[in-house]
Amino acid sequence: EAGVTQFPSHSVIEKGQTVTLRCDPISGHDNLYWYRRVMGKEIKFLLHFVKESKQDESGMPNNRFLAERTGGTYSTLKVQPAELEDSGVYFCASSLDRAGYGYTFGSGTRLTVV
Amino acid sequence: ILNVEQSPQSLHVQEGDSTNFTCSFPSSNFYALHWYRWETAKSPEALFVMTLNGDEKKKGRISATLNTKEGYSYLYIKGSQPEDSATYLCAFRNFGNEKLTFGTGTRLTIIP
Chain G
1 EAGVTQFPSH SVIEKGQTVT LRCDPISGHD NLYWYRRVMG KEIKFLLHFV KESKQDESGM
61 PNNRFLAERT GGTYSTLKVQ PAELEDSGVY FCASSLDRAG YGYTFGSGTR LTVV
Chain C
1 ILNVEQSPQS LHVQEGDSTN FTCSFPSSNF YALHWYRWET AKSPEALFVM TLNGDEKKKG
61 RISATLNTKE GYSYLYIKGS QPEDSATYLC AFRNFGNEKL TFGTGTRLTI IP
């Protein structure tokens, strides 16, 4: 079974530019989560999709961040315009059920805003 | 605001020695405690999901215990090997909430 795949693995952009991160969950996993780790700090929750619906987006930092999951398959996270403090590692995870078991992470996208 | 703390922040251990570290979390409204092993540029690897007070789980040389009443979990590594070098993350989940709250991790380095 293929794991959770994230693209790109690294991205370096200038402040003010737009970046779109993509996550392909494990096939059949209805639940998809985005998390972020800013340098030296803990991994923090951003949002949770159940199929194509946003179940919880309480962790989204501000309206420069937009997440979508059209058709309930892959998801994108767009940052527009990017700011320096957006730098970090963005993780995606997926799970089959909502109990939290079988919670599989991708390897993350390392975003650097300069 | 939920607070999950891990200690120590970093640890150097001689190869062959055993070690342990701690995760503390809120004792109220507990649902589950997750442990992950994470190497930079790789996916965090799930080690254990613990739900019951007094739970003990084992995977090879790694084991974990859980005390939900006092709000802590220990992770033990027996006979450390160089491949155990990684950051070990714990994450707490409470009832009524599906998100995980992570600690900052314990960075373990095994010295050959």
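Each protein sequence line maps, in turn, to chains G and C.
Just so we're aligned, residue 1 is where the first sequence starts under the working numbering, counting upward by one.
Just so we're aligned, residue 1 is where the second sequence starts under the working numbering, counting upward by one.
Backbone N, C-alpha and C define an ideal beta-carbon position, used for all residues, glycine too.
Is any beta-carbon of chain G found at less than 8 Å from that of residue i?
| i | result |
| --- | --- |
| PRO8 (chain C) | no |
| LEU113 (chain C) | As shown, chain C starts at 1 and ends at 112. That puts residue 113 (chain C) outside it, with no answer to give. |
With DSSP run on the structure shown, which of helix, strand or coil describes residue i?
| i | result |
| --- | --- |
| GLN101 (chain C) | Per the sequence shown, residue 101 (chain C) should be read as Thr rather than Gln. Strand, per DSSP. |
| THR5 (chain C) | The sequence as given places Glu at residue 5 (chain C); Thr does not occur at that position. Three-state result, GLU5 (chain C): strand. |
| GLY16 (chain C) | coil |
| GLY60 (chain C) | coil |
| GLY88 (chain G) | strand |
| GLU45 (chain C) | strand |
Is it true that the CB of residue j sits closer than 8 Å to the CB of residue i?
| i | j | result |
| --- | --- | --- |
| PHE25 (chain C) | PHE102 (chain C) | no |
| LEU47 (chain G) | ALA67 (chain G) | yes |
| GLU5 (chain C) | PRO112 (chain C) | no |
| TRP38 (chain C) | PHE48 (chain C) | no |
Measuring only between beta-carbons, confirm whether residue i sits less than 8 Å from chain C.
| i | result |
| --- | --- |
| PHE45 (chain G) | yes |
| PHE105 (chain G) | yes |
| LYS51 (chain G) | no |
| GLU42 (chain G) | yes |
| HIS29 (chain G) | no |
| GLY72 (chain G) | no |
| GLY88 (chain G) | no |
| GLY16 (chain G) | no |
Does the beta-carbon of residue i have 16 or more other beta-carbons within 10 angstroms, so that it is buried, or is it exposed?
| i | result |
| --- | --- |
| VAL114 (chain G) | exposed |
| LEU33 (chain C) | buried |
| MET50 (chain C) | buried |
| ASN29 (chain C) | exposed |
Can you give the beta carbon distance from residue i to residue j, rounded, assuming they're within the 8 Å contact cut?
| i | j | result |
| --- | --- | --- |
| THR104 (chain C) | PRO8 (chain C) | Going by Cβ atoms, the distance from THR104 (chain C) to PRO8 (chain C) rounds to 11 Å, so no, they are not a contact pair. |
| VAL89 (chain G) | ARG37 (chain G) | 5 Å |
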